[in-house]
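In order, the protein sequence lines correspond to chains S and U.
FYI, in the working numbering the residues of the first sequence are 1 to 221.
FYI, in the working numbering the residues of the second sequence are 1001 to 1221.
Idealized CB from N, CA, C, for every residue including glycine.
2 protein chains.
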Amino acid sequence: MMTDGPASAAHTASDSSGKRRQIRPKAERRQQLIDATIRCIAQHGLSAVTMQMVTSDAGLSAGIANLHFESKDNLLKETLRFVAEEYHHGQIKIMEGSDIPDLGERLGALLDFQLGRGVTQRQKMSVWFAYYGEAGARPVYQRIVSTVDRLAAQKLEALFTVIIREGDYRDVDARELATGYSALIDGLHLGLLVTPRELSKRRARAVARAFLRRAFPQHID
Amino acid sequence: MMTDGPASAAHTASDSSGKRRQIRPKAERRQQLIDATIRCIAQHGLSAVTMQMVTSDAGLSAGIANLHFESKDNLLKETLRFVAEEYHHGQIKIMEGSDIPDLGERLGALLDFQLGRGVTQRQKMSVWFAYYGEAGARPVYQRIVSTVDRLAAQKLEALFTVIIREGDYRDVDARELATGYSALIDGLHLGLLVTPRELSKRRARAVARAFLRRAFPQHID
DNA sequence: CCTCGGAATGAATGGTCGTTCATTCTTTAT
DNA sequence: ATAAAGAATGAACGACCATTCATTCCGAGG
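The structure is reproduced here in structure tokens:
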């Protein structure tokens, strides 16, 4: 929802479109600032992000972030919530989506989403792991991620359960496999972020596909 | 080397052992400060760590970190290097260690190390992912991690290659499997850090073991 | 016992950041 | 057209942080 529309084209304040003050709906300004925050975290790292950085990247004045979000802490919290929900909603939509009747194909669609263009953008990954890094010390972040994570994990386990029944697979535990698959995807995201030279997106997809093939040989070719 | 010896028992400056100034070898002071940095990152998060925090946690005066490390940036860099090398040296030692002749057992030892007490301590994991979070924006961190990572990946691939030959496994690519296993372990570490409620250490080990069993059924029971 | 090198200290400094709020400006309703 | 409402601005403020360095003091060598 409104993540990369033309409205977010103003990456710098030096827009030649004029310096005239613009009044916009509150929700739009909030999203504009969250988008700017994502860009700043990806470019400079969470620990280097300043309010000046964010507001100037958004092409707005210094005090505006405190106007729409109460504080910097809150802005960062809301940014994490946005990224987390965007990612998990996309996942869940595919998993329960009956528009792909074949379960093997649905699994493939999930994999492509998780390691495809939208999610694997360096920007989003940077944000994702920047917060993970702080999560150990900040229970607020843990709670935000846990909430959406749990729902996605349940959906994945349900999907795996149906596939196991359909394929009559033996010695495969849906819960264990779902945990493993989720962890594998997270680990691959990490590799793509930290060591992009050694792990290409193509290879990441191949690795994830191989994981699923070993568990569900009849469903994945 | 000297990670948790009795020497690092001074977690606060309020040691009743006296306030008398102590002069110690340079290497010892450096390690003392790195240990304090690890504790501070784990407790407060990388972005909240201050020099005051570190030096007071180490029980020393304010300017000492700048004396032994040139700057805060350098202190953080050296701390990452220490954690990365400690982790990867432990791994590599097990992988090439001929003290465990049976390859299946050696694999199990590797798994226990990666998801066992030493590594999975919240402290170490926090540090690990705090830096990962910043790696997207800081090439220095990428280089430190890449260097040690590459060596470990090669050793793991070599070990898998031997196991594949020994078990005569078909349709298993050592390189692909090594990438997958490494990613899985990273992902499990992440789960242990961010959602400890939903993923216990015991279950993480079971998931990793199941991954290996699906690939090398004869070697893992 | 004395001396000297240098390890350790911590008050002081300069700079940066988050936040505030009086003011300016745009929009909507009358 | 005019006024009221409130969105946006940006200079100013106070707090905090990394870094410096004059000073203190330990301890090894004579």
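Legend entry - When Ala206/S, His189/S and Lys93/S are compared against Gly1136/U, the one with the closest alpha-carbon: Counted from its first residue, the second sequence places residue 1136/U at position 136. That would be His189/S, whose Cα lies nearest to the Cα of Gly1136/U.
Inset, instruction - Look at Ser1126/U and Ala1215/U and say whether their C-beta atoms are less than 8 angstroms apart. - result: Along the second sequence, read from residue 1 onward, the residue named residue 1126/U stands at position 126. Along the second sequence, read from residue 1 onward, the residue named residue 1215/U stands at position 215. In this structure, Ser1126/U lies away from Ala1215/U, with their beta-carbon atoms at least 8 angstroms apart.
Inset, instruction - Indicate the three-state DSSP secondary structure (helix, strand or coil) for His1068/U in the structure shown. - result: The residue given as residue 1068/U occupies position 68 in the second sequence. Secondary structure at His1068/U: helix, using DSSP grouped into helix, strand and coil.
Legend entry - Separation of Ile1064/U from Arg1020/U, as counted between CA atoms: Counting from 1 along the second sequence, the entry for residue 1020/U is found at position 20. Counting from 1 along the second sequence, the entry for residue 1064/U is found at position 64. Counting only the Cα atoms, Ile1064/U lies some 16 angstroms from Arg1020/U.
Inset, instruction - Using the Cα positions of Thr1179/U and Leu1107/U, report the straight-line distance between them to the nearest angstrom. - result: Counted from its first residue, the second sequence places residue 1179/U at position 179. Counted from its first residue, the second sequence places residue 1107/U at position 107. Approximately 15 angstroms between the Cα atoms of the pair.
Legend entry - Chain-ordered neighbours of Tyr1132/U on chain S, where CB pairs are closer than 8 angstroms: Residue 1132/U sits at position 132 when you count from the first residue of the second sequence. Phe129, Tyr132, Gly133, Leu190, Leu193 and Val194, listed in chain order.
Inset, instruction - Determine whether the Cβ of Gln1091/U lies closer than 8 angstroms to any Cβ atom of chain S. - result: Reading the second sequence from its first residue, position 91 is the one you call residue 1091/U. Gln1091/U does not count as touching chain S.
Inset, instruction - Please classify Glu70/S: is it buried, with 16 or more other beta-carbons within 10 angstroms of its beta-carbon, or exposed? - result: Walking along the first sequence from the start, residue 70/S turns up at place 70. Glu70/S comes out exposed.
Legend entry - For Ile144/S and Ala183/S, believed in contact at Cβ under 8 angstroms, the rounded distance: Against the first sequence, residue 183/S aligns to sequence position 183. Against the first sequence, residue 144/S aligns to sequence position 144. Actually they are not in contact, since the Cβ atoms of Ala183/S and Ile144/S sit about 19 angstroms apart, beyond 8 angstroms.
Legend entry - Cβ pair Cys1129/U, Gly133/S closer than 8 angstroms: Here residue 1129/U corresponds to residue number 129 of the second sequence, with the count starting at 1. Here residue 133/S corresponds to residue number 133 of the first sequence, with the count starting at 1. Sequence check: residue 1129/U is Phe here, not Cys. A distance below 8 angstroms separates the beta carbons of Phe1129/U and Gly133/S.
Inset, instruction - Pair every Cβ in the stretch 148 to 157 of chain S with every Cβ in the stretch 1192 to 1212 of chain U, then say whether three or more of these pairs are closer than 8 angstroms. - result: Contact holds: three or more Cβ-Cβ distances are below 8 angstroms.
Legend entry - Distance, Asp1073/U Cα to Leu111/S Cα: Here the question's residue 111/S lines up with position 111 in the first sequence. Here the question's residue 1073/U lines up with position 73 in the second sequence. Their backbone Cα atoms lie some 38 angstroms apart in a straight line.
Legend entry - Where Ser1200/U sits in the DSSP three-state scheme: Along the second sequence, read from residue 1 onward, the residue named residue 1200/U stands at position 200. Correct three-state label for Ser1200/U: coil.
Legend entry - Alpha-carbon to alpha-carbon, Val119/S and Tyr87/S: In the first sequence, residue 87/S corresponds to position 87, counting from 1. In the first sequence, residue 119/S corresponds to position 119, counting from 1. Taking the straight line joining both Cα atoms gives about 7 angstroms.
Legend entry - Residue-level contact to chain U via CB, Arg202/S, 8 angstroms cutoff: Position 202 of the first sequence, counted from the start, is the residue given in the question as residue 202/S. It does not: the Cβ of Arg202/S has no partner Cβ on chain U nearer than 8 angstroms.
Inset, instruction - State yes or no: is the C-beta of Ala157/S within less than 8 angstroms of the C-beta of Leu103/S? - result: The residue labelled residue 157/S in the question sits at position 157 within the first sequence. The residue labelled residue 103/S in the question sits at position 103 within the first sequence. Inspection of the sequence shows that residue 157/S is occupied by Glu rather than by Ala. Their beta carbons are not under 8 angstroms apart, which means Glu157/S does not touch Leu103/S by this criterion.
Legend entry - Gln1031/U classed as buried or exposed, judged by whether at least 16 other C-beta atoms fall within 10 angstroms: Counting from 1 along the second sequence, the entry for residue 1031/U is found at position 31. Counting the other Cβ atoms within 10 Å of the Cβ of Gln1031/U gives 16 or more, which makes it buried.
Inset, instruction - Classify Ala58/S as helix, strand or coil using the three-state DSSP reduction. - result: As a first step, residue 58/S is located in the first sequence; it is residue number 58 there, counting from the start. Three-state DSSP puts Ala58/S in coil, outside helix and strand.
Legend entry - Cβ of Leu1151/U within 8 angstroms of any chain S Cβ: By 1-based counting over the second sequence, the position of residue 1151/U is 151. Using a CB distance cut-off of 8 angstroms, Leu1151/U does not count as an interface residue toward chain S.
Legend entry - Buried or exposed (CB count within 10 angstroms, at least 16 for buried), Asp1186/U: The residue labelled residue 1186/U in the question sits at position 186 within the second sequence. Label assigned to Asp1186/U: buried.
Legend entry - Nearest residue (CA-CA) to Tyr181/S, options Leu1075/U, His1068/U and Ala1208/U: The residue you call residue 181/S lines up with position 181 of the first sequence. Per the Cα distances, Ala1208/U.
Inset, instruction - To the nearest angstrom, report how far apart Ala174/S and Gln91/S are at their CA atoms. - result: Locating residue 174/S in the first sequence gives position 174, where the first residue counts as 1. Locating residue 91/S in the first sequence gives position 91, where the first residue counts as 1. Cα-Cα distance, rounded: 18 angstroms.
Inset, instruction - Express the C-alpha separation of Ala210/S and Leu192/S in angstroms, rounding to a whole number. - result: If you number the first sequence from 1, residue 192/S lands on position 192. If you number the first sequence from 1, residue 210/S lands on position 210. Rounded to whole angstroms, Leu192/S and Ala210/S show a C-alpha spacing of 17 angstroms.
Inset, instruction - Report whether the distance from the Cβ of Arg106/S to the nearest heavy atom of the ligand NAD is below 7 angstroms. - result: Of ligands this structure carries none, so the ligand NAD is not represented either.
Legend entry - Neighbouring residues, chain U, relative to Gly108/S (Cβ below 7 angstroms): Position 108 of the first sequence holds residue 108/S. What Gly108/S touches in chain U: nothing, since even the nearest Cβ is about 17 angstroms away.
Legend entry - Collapsed DSSP secondary structure at Pro1139/U in the structure displayed: One-based indexing of the second sequence puts residue 1139/U at position 139. For Pro1139/U, the three-state secondary structure derived from DSSP is helix.
Inset, instruction - In the DSSP assignment, find the unbroken alpha helix (DSSP H) run with Val49/S in it and report its ends. - result: Within the first sequence, numbered from 1, the residue matching residue 49/S stands at position 49. For Val49/S, there is no enclosing alpha helix (DSSP H), since its DSSP letter is neither H nor E.
Legend entry - Alpha carbon of Arg205/S to alpha carbon of His1068/U, nearest angstrom: What you label residue 205/S is simply residue 205 of the first sequence in a count that begins at 1. What you label residue 1068/U is simply residue 68 of the second sequence in a count that begins at 1. Rounded to whole angstroms, Arg205/S to His1068/U spans 45 angstroms at the Cα level.
Inset, instruction - Measuring only between beta-carbons, confirm whether Glu28/S sits less than 8 angstroms from chain U. - result: Within the first sequence, numbered from 1, the residue matching residue 28/S stands at position 28. No, Glu28/S lies away from the interface with chain U (no Cβ there is under 8 angstroms from its Cβ).
Legend entry - Same chain, Cβ closer than 7 angstroms to Cys40/S, five either side skipped, listed in chain order: Residue mapping note: residue 40/S aligns to position 40 of the first sequence, counting from 1. In its chain, beyond the 5 residues on either side, Val49, Met53, Val54 and Asp57 have a beta carbon closer than 7 angstroms to the beta carbon of Cys40/S.
Inset, instruction - Identify the continuous alpha helix (DSSP H) that holds Tyr181/S and give its terminal residues. - result: What you label residue 181/S is simply residue 181 of the first sequence in a count that begins at 1. Where Tyr181/S is concerned, the enclosing alpha helix (DSSP H) starts and stops at Ala174 to Val194.
Legend entry - Span separating the alpha-carbon of Asn66/S from that of Arg1138/U: Start at 1 with the first residue of the first sequence, and residue 66/S comes out as number 66. Start at 1 with the first residue of the second sequence, and residue 1138/U comes out as number 138. Cα-Cα distance, rounded: 28 angstroms.
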